[in-house]
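Q: This is the structure I want to talk about, given as structure tokens.
There are 2 protein chains.
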Amino acid sequence: MLVRVTAGGHVGWGECEAAPLPSIAAFVCPMSHGVCRPVGASVLGETIDGPEDIRRIAAKVEYDSMDLLQAAHTLSGVEMALWDLLGHARDEPVWRLLGYRASHPKRPYASLLFGDTPQATLQQGIAARSAGYSAVKFGWGPIGRGSTRDDADHFAAAREGLGADSILLVDVGQIWGEDVEAAAARIPALEASHATWLEEPFHTSALDAYGALSRRSAMVKLAGGEGAHNFAMAQHLIDYGGVGFIQIDTGRIGGIGPARRVADYAVAKGVTFVNHSFTSHLALSASLQPFAGLADHRLCEFPFQPKSLSVDLVAAPLQRDGNGEIAAPDAPGLGIRIDPAGMRDYLIDVEIKVGGRTLYATPKPG
Amino acid sequence: MLVRVTAGGHVGWGECEAAPLPSIAAFVCPMSHGVCRPVGASVLGETIDGPEDIRRIAAKVEYDSMDLLQAAHTLSGVEMALWDLLGHARDEPVWRLLGYRASHPKRPYASLLFGDTPQATLQQGIAARSAGYSAVKFGWGPIGRGSTRDDADHFAAAREGLGADSILLVDVGQIWGEDVEAAAARIPALEASHATWLEEPFHTSALDAYGALSRRSAMVKLAGGEGAHNFAMAQHLIDYGGVGFIQIDTGRIGGIGPARRVADYAVAKGVTFVNHSFTSHLALSASLQPFAGLADHRLCEFPFQPKSLSVDLVAAPLQRDGNGEIAAPDAPGLGIRIDPAGMRDYLIDVEIKVGGRTLYATPKPG
Chain Y
104 MLVRVTAGGH
114 VGWGECEAAP
124 LPSIAAFVCP
134 MSHGVCRPVG
144 ASVLGETIDG
154 PEDIRRIAAK
164 VEYDSMDLLQ
174 AAHTLSGVEM
184 ALWDLLGHAR
194 DEPVWRLLGY
204 RASHPKRPYA
214 SLLFGDTPQA
224 TLQQGIAARS
234 AGYSAVKFGW
244 GPIGRGSTRD
254 DADHFAAARE
264 GLGADSILLV
274 DVGQIWGEDV
284 EAAAARIPAL
294 EASHATWLEE
304 PFHTSALDAY
314 GALSRRSAMV
324 KLAGGEGAHN
334 FAMAQHLIDY
344 GGVGFIQIDT
354 GRIGGIGPAR
364 RVADYAVAKG
374 VTFVNHSFTS
384 HLALSASLQP
394 FAGLADHRLC
404 EFPFQPKSLS
414 VDLVAAPLQR
424 DGNGEIAAPD
434 APGLGIRIDP
444 AGMRDYLIDV
454 EIKVGGRTLY
464 ATPKPG
Chain E
104 MLVRVTAGGH
114 VGWGECEAAP
124 LPSIAAFVCP
134 MSHGVCRPVG
144 ASVLGETIDG
154 PEDIRRIAAK
164 VEYDSMDLLQ
174 AAHTLSGVEM
184 ALWDLLGHAR
194 DEPVWRLLGY
204 RASHPKRPYA
214 SLLFGDTPQA
224 TLQQGIAARS
234 AGYSAVKFGW
244 GPIGRGSTRD
254 DADHFAAARE
264 GLGADSILLV
274 DVGQIWGEDV
284 EAAAARIPAL
294 EASHATWLEE
304 PFHTSALDAY
314 GALSRRSAMV
324 KLAGGEGAHN
334 FAMAQHLIDY
344 GGVGFIQIDT
354 GRIGGIGPAR
364 RVADYAVAKG
374 VTFVNHSFTS
384 HLALSASLQP
394 FAGLADHRLC
404 EFPFQPKSLS
414 VDLVAAPLQR
424 DGNGEIAAPD
434 APGLGIRIDP
444 AGMRDYLIDV
454 EIKVGGRTLY
464 ATPKPG
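So this is what it looks like as structure tokens:
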């Protein structure tokens with residue numbers, strides 16, 4: 104869901120990594136309780152002169168929409184758009200508005216699926232290496248569905264395919280629920296394959312299981328956090344879950360401000376911040392801003408196989424540099440030009456009426 | 104938001120403690136992502152023969168709507184309605200379907216606001232005592248806004264008004280954010296006033312602060328949890344936050360099933376379960392079911408000053424017994440008869456169209 108904000112002759116764009124219809128409803132709904140106010144009531148008509156105004160608006164949403172669950176997802180795109188708008192108004196990139204002096208290049212990793220067999224995984228690894236990727240994430244597929252030995256064969260095949268020098272990341276999509284021993288049984292093979300992280304071994308909320316597993320290996324760190332829809336959820340994954348990599352989607356956590364707060368917290372706790380991003384380059388740029396200035400937080404997620412929608416709505420996508428790396432752009436706002444013509448074919452008309460009054464109708468893209 | 108479910112010639116009712124429009128949208132929205140499916144897709148057309156079907160449907164929503172934030176609030180009312188319907192189909196009260204053998208009476212507490220002055224608080228306490236309440240919760244008002252001494256005067260006045268034998272509960276509505284020392288400074292006065300619990304000293308997510316404060320007093324327990332929208336949030340308040348009372352709203356946590364799971368967990372951890380409920384007697388009955396069979400979990404929240412809407416939509420409200428206590432009714436389902444005529448004046452027409460197709464229009468109450 105794209106969000107467009109206008110103020111003072113400027114335009115800002117943001118993207119919610121969320122279900123569009125409930126997110127729109129959370130913006131326009133009539134107040135039902137004291138702390139179930141619509142997100143729009145905290146945003147529309149507000150003054151925006153600087154970053155402190157964005158924080159003030161976000162705090163207002165957090166309080167006035169406390170019992171409106173969807174609010175955090177709605178706010179994420181709005182908050183992002185406010186930073187973009189402010190950047191255009193000030194002619195500054197968002198990362199500079201966040202207090203960073205430089206936007207350090209990040210090493211994008213390719214995301215692949217494990218093959219059905221170790222041989223297929225090996226071929227995937229070889230192909231990724233040939234395509235020039237020096238960091239690769241293998242995910243899902245058969246892992247956790249067969250024996251520990253089967254999984255070990257896949258990890259070894261992935262490493263063999265990539266070669267010794269590449270970064271190998273493993274994502275198992277919450278396959279073990281809360282079962283620490285099932286996950287721990289795979290640790291020796293992950294260590295032998297020099298995997299850098301094991302992503303989402305458990306449900307996002309299984310903090311105890313994360314914590315217990317994190318103490319089983321000094322080499323393989325845990326990664327998680329993409330589902331965090333507020334700062335505290337990320338903080339708890341760090342403090343109680345013991346993750347070594349905290350993965351934040353700015354389109355879910357409430358936007359760039361809370362994501363930056365997680366980045367600061369990660370630095371203080373010796374944890375590495377990584378963006379979570381798999382849609383457009385607008386969302387990608389927004390996801391890079393919170394840790395753009397952290398030179399030591401090097402890895403970044405990059406949407407390698409975007410859907411046509413994600414491609415068509417951006418006029419000028421981010422480009423990888425000569426080293427194959429990307430960086431939050433040194434351009435005003437999020438540095439991404441949205442192409443209204445490109446999104447025209449994808450726009451879906453939504454109309455919401457309450458008590459006979461139209462609360463929402465999809466605006467024209469132009 | 105009321106939910107009506109029909110199946111096999113039976114009808115069940117539930118109530119979401121949630122913003123209606125986003126909750127409706129979460130039920131009907133088109134699928135946007137693999138795990139952003141509408142709640143309705145996991146519910147409509149499913150078979151419901153027993154409690155295991157309700158758990159299966161809830162698990163399907165949890166997985167298929169994983170990234171749809173509002174889903175938990177929407178599901179809460181639907182799940183409740185499914186239990187009500189199943190109870191009618193089986194001619195059994197929900198608490199019996201949950202495995203309890205008896206519905207033990209609970210001691211309802213009156214909720215009052217602290218007065219502006221200690222003298223006003225004293226008068227409130229005297230009035231509550233005269234009205235026959237043996238458990239009273241004082242909340243909000245000036246607490247935490249003045250000095251520690253001012254607050255101590257209010258706590259002492261409340262106790263003096265209630266007399267020595269009543270249960271005194273204190274609710275401060277998250278006033279101290281994450282400030283453990285500010286809260287801890289009030290503990291001696293709470294102990295001197297024999298307060299049973301201190302409710303919501305901090306933000307729901309401030310688990311560290313809860314945990315630190317819980318270790319400051321053996322006498323005054325912490326209470327919290329009304330904002331929990333899944334089992335894990337309640338579990339974390341118990342495990343990391345050290346609460347002595349876990350307060351669960353079945354209209355937010357995903358319904359009666361997860362609330363029952365919290366009750367079991369509370370028993371295992373020596374924590375007391377308390378319902379959170381402030382709207383209709385439909386929601387009240389649903390909130391009592393998860394701990395109906397726990398004889399030692401005695402306190403319950405009871406809406407003393409319901410709005411006319413809450414009164415009008417129920418044909419026969421729960422009655423306090425000769426001891427002034429209430430219990431989950433020994434009647435089929437939730438044991439609450441909904442009065443469609445009573446709700447007619449409050450119904451608000453909602454219409455949601457997507458791509459020209461009407462996805463939702465408010466049904467007739469009859």
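Same order as they appear, the protein sequences are chains Y and E. Numbering of the first sequence is given in the numbering used here, commencing with residue 104 and proceeding in unit increments. Numbering of the second sequence is given in the numbering used here, commencing with residue 104 and proceeding in unit increments. Every residue gets a Cβ at the ideal spot worked out from N, C-alpha and C, and that includes glycine.
1) With DSSP as the reference, label threonine 109 of chain E as helix, strand or coil.
2) Is the separation between the beta-carbon of arginine 447 of chain Y and that of alanine 418 of chain Y shorter than 8 Å?
3) I want to see whether chain Y comes within less than 8 Å of proline 123 of chain E, judged by CB atoms only; does it?
4) Since tyrosine 99 of chain Y sits in a beta bridge, which residues does DSSP pair it with?
5) Report yes if the CB atom of glycine 244 of chain E is closer than 8 Å to the CB atom of leucine 216 of chain E, and no otherwise.
6) Use the C-beta contact count for valine 414 of chain E: other C-beta atoms within 10 angstroms, 16 or more gives buried, fewer gives exposed.
7) Measuring CB to CB, does valine 453 of chain E end up less than 8 Å from leucine 178 of chain E?
8) The beta strand (DSSP E) that contains tyrosine 313 of chain E, what's its start and end?
9) Which of helix, strand or coil does DSSP assign to glutamine 350 of chain Y?
10) So, does the CB of aspartate 452 of chain E fall closer than 8 Å to a CB anywhere in chain Y?
11) Give every residue of the same chain whose Cβ lies closer than 7 Å to the Cβ of leucine 265 of chain E, excluding the five residues on either side of it in the sequence, and list them in chain order.
12) Which residues, in order along the segment 284 to 312 of chain E, keep a beta-carbon less than 9 Å from a beta-carbon of chain B?
13) Give the range of the beta strand (DSSP E) segment to which isoleucine 270 of chain E is assigned.
14) Hey, aspartate 167 of chain E and serine 145 of chain E are a contact pair by Cβ (cut 8 Å); roughly how many whole angstroms apart?
15) List the residues that DSSP assigns as beta-bridge partners of isoleucine 429 of chain E.
16) Quick one: grab the DSSP three-state call for serine 179 of chain E.
17) Sort out for me which residues DSSP pairs serine 214 of chain Y with in a bridge.
18) Any C-beta of chain E sitting closer than 8 Å to the C-beta of glutamine 173 of chain Y?
19) Nearest CA to the CA of tryptophan 116 of chain E: which residue from E:Ala122, E:Lys163 and E:Leu188?
20) Between the segment 428 to 440 of chain E and the segment 180 to 195 of chain E, do at least 3 Cβ pairs fall closer than 8 Å?
21) Where does glycine 115 of chain E fall in DSSP's three states?
22) At a cut-off of 7 Å, would you count isoleucine 246 of chain Y as near the ligand MG, judging by its Cβ distance to the nearest heavy atom?
23) Name the chain E residues whose beta carbon is nearer than 7 Å to that of tyrosine 368 of chain Y?
24) Answer with yes or no whether the minimum CB distance from isoleucine 471 of chain Y to chain E is below 8 Å.
25) Does the distance from the CB of alanine 389 of chain Y to the CB of glutamate 118 of chain Y come in under 8 Å?
26) Only counting the same chain, and skipping five residues up and downstream in sequence, which positions put a Cβ closer than 7 Å to that of phenylalanine 407 of chain Y?
27) Are glutamate 165 of chain E and alanine 386 of chain E touching if we call contact CB-CB under 8 Å?
28) Any contact between the segment 363 to 372 of chain Y and the segment 329 to 341 of chain Y? By contact I mean 3 or more CB pairs, one from each, below 8 Å.
29) With a cut-off of 8 Å on the beta carbons, I'd call cysteine 132 of chain Y and alanine 122 of chain E a contact; round off their distance for me.
30) I want to know whether the segment 319 to 335 of chain E touches the segment 350 to 359 of chain Y - three or more CB-CB distances under 8 Å.
31) Take the Cβ of isoleucine 151 of chain E as the centre, count every other Cβ of all protein chains shown within 10 Å, and call the residue buried at 16 or more, exposed below.
32) Using only alpha-carbon positions, find the residue among Y:Ala430, Y:Phe381, Y:Met104 and Y:Ser135 that is nearest to lysine 410 of chain Y.
33) Please report the Cβ distance between leucine 301 of chain E and valine 273 of chain E, rounded to the nearest whole angstrom; I am assuming they are in contact, meaning their Cβ atoms lie under 8 Å.
34) Please classify glutamine 222 of chain Y as buried or exposed, where buried requires at least 16 other C-beta atoms within 10 Å of its C-beta.
35) Helix, strand or coil: how does DSSP classify lysine 324 of chain Y here?
36) Give the C-beta separation of threonine 353 of chain Y and alanine 362 of chain Y to the nearest angstrom, bearing in mind that I take them to be a contact with Cβ-Cβ under 8 Å.
A: So, from the listed chains and residues:
1) As a working mapping, residue 109 of chain E is identified with position 6 in the second sequence. Reduced to three states, the DSSP call for threonine 109 of chain E is strand.
2) The sequence position of residue 447 of chain Y within the first sequence is 344, counting from 1. The sequence position of residue 418 of chain Y within the first sequence is 315, counting from 1. No. Outside cutoff.
3) Start at 1 with the first residue of the second sequence, and residue 123 of chain E comes out as number 20. Interface residue, yes.
4) Missing from the structure shown is residue 99 of chain Y; chain Y here goes from 104 to 469 and no further.
5) Along the second sequence, read from residue 1 onward, the residue named residue 244 of chain E stands at position 141. Along the second sequence, read from residue 1 onward, the residue named residue 216 of chain E stands at position 113. Yes, they are a contact pair.
6) Here the question's residue 414 of chain E lines up with position 311 in the second sequence. Exposed, because fewer than 16 other Cβ atoms sit within 10 Å of the Cβ of valine 414 of chain E.
7) On the second sequence, position 350 is the one that residue 453 of chain E refers to. On the second sequence, position 75 is the one that residue 178 of chain E refers to. No. Outside cutoff.
8) Your numbering for residue 313 of chain E matches position 210 in the second sequence. Tyrosine 313 of chain E -> not in any beta strand (DSSP E); alpha helix (DSSP H) instead, spanning 310 to 317.
9) Numbered from its first residue, the first sequence carries residue 350 of chain Y at position 247. Strand, per DSSP.
10) Here residue 452 of chain E refers to the residue found at position 349 when the second sequence is read from its first residue. Judged by the 8 Å Cβ criterion, aspartate 452 of chain E is in contact with chain Y.
11) For the purposes of this step, residue 265 of chain E is taken as residue 162 along the second sequence, with counting starting at 1. Here the set comprises Gly228, Ala231, Arg232, Val239 and Leu271.
12) Annotation note: the requested chain B is absent from the structure, which comprises protein chains Y and E.
13) Indexing the second sequence from 1 puts residue 270 of chain E at position 167. Here the beta strand (DSSP E) through isoleucine 270 of chain E covers 270 to 274.
14) In the second sequence, counting from the first residue as 1, residue 167 of chain E sits at position 64. In the second sequence, counting from the first residue as 1, residue 145 of chain E sits at position 42. At roughly 6 Å, the Cβ-Cβ gap stays under 8 Å, so aspartate 167 of chain E and serine 145 of chain E are in contact.
15) Position 326 of the second sequence, counting from 1, holds the residue named residue 429 of chain E. According to DSSP, which records beta bridges pairwise, isoleucine 429 of chain E is partnered with E:Lys209.
16) Locating residue 179 of chain E in the second sequence gives position 76, where the first residue counts as 1. Helix at serine 179 of chain E.
17) Within the first sequence, the letter at position 111 stands for residue 214 of chain Y. DSSP lists Y:Lys240 as partners of serine 214 of chain Y.
18) Here residue 173 of chain Y refers to the residue found at position 70 of the first sequence. So yes, glutamine 173 of chain Y belongs to the interface.
19) Here the question's residue 116 of chain E lines up with position 13 in the second sequence. When only C-alpha atoms are compared, the closest one is E:Leu188.
20) yes
21) Counting from one through the second sequence, the residue named residue 115 of chain E turns up at place 12. If DSSP states are grouped into helix, strand and coil, glycine 115 of chain E belongs with the strands.
22) Annotation note on the ligand MG: not contained in the displayed structure, which lists no ligands.
23) Stepping through the first sequence from its first residue, residue 368 of chain Y is reached at position 265. Those within 7 Å of tyrosine 368 of chain Y in chain E number zero; the least Cβ separation is about 12 Å.
24) Look at the range of chain Y in this structure, 104 to 469, and you will see that residue 471 of chain Y is not part of it.
25) On the first sequence, residue 389 of chain Y is found 286 positions in, with the first residue counted as 1. On the first sequence, residue 118 of chain Y is found 15 positions in, with the first residue counted as 1. Contact flag set, yes.
26) Locating residue 407 of chain Y in the first sequence gives position 304, where the first residue counts as 1. Once the five neighbours on either side are set aside, the close Cβ partners of phenylalanine 407 of chain Y are Ala213 and Ser214.
27) Residue 165 of chain E sits at position 62 when you count from the first residue of the second sequence. Residue 386 of chain E sits at position 283 when you count from the first residue of the second sequence. Result no, Cβ atoms of glutamate 165 of chain E and alanine 386 of chain E do not sit closer than 8 Å.
28) yes
29) For the purposes of this step, residue 132 of chain Y is taken as the residue at position 29 of the first sequence. For the purposes of this step, residue 122 of chain E is taken as the residue at position 19 of the second sequence. With 8 Å as the limit, cysteine 132 of chain Y and alanine 122 of chain E qualify as a contact, their Cβ atoms being about 5 Å apart.
30) no
31) Within the second sequence, numbered from 1, the residue matching residue 151 of chain E stands at position 48. That one is buried.
32) What you label residue 410 of chain Y is simply residue 307 of the first sequence in a count that begins at 1. Selected option, being the one with the closest Cα: Y:Phe381.
33) The count along the second sequence starts at 1 and reaches residue 301 of chain E at position 198. The count along the second sequence starts at 1 and reaches residue 273 of chain E at position 170. Indeed, because the Cβ distance is near 5 Å, the residues count as touching under 8 Å.
34) Taking the first residue of the first sequence as position 1, residue 222 of chain Y is located at position 119. Glutamine 222 of chain Y is exposed by the Cβ-count criterion.
35) Sequence index remark: in the first sequence, residue 324 of chain Y carries index 221 (1-based). Of the three classes helix, strand and coil, the one that applies to lysine 324 of chain Y here is strand, per DSSP.
36) The residue given as residue 353 of chain Y occupies position 250 in the first sequence. The residue given as residue 362 of chain Y occupies position 259 in the first sequence. Threonine 353 of chain Y to alanine 362 of chain Y, Cβ: 5 Å. Contact.
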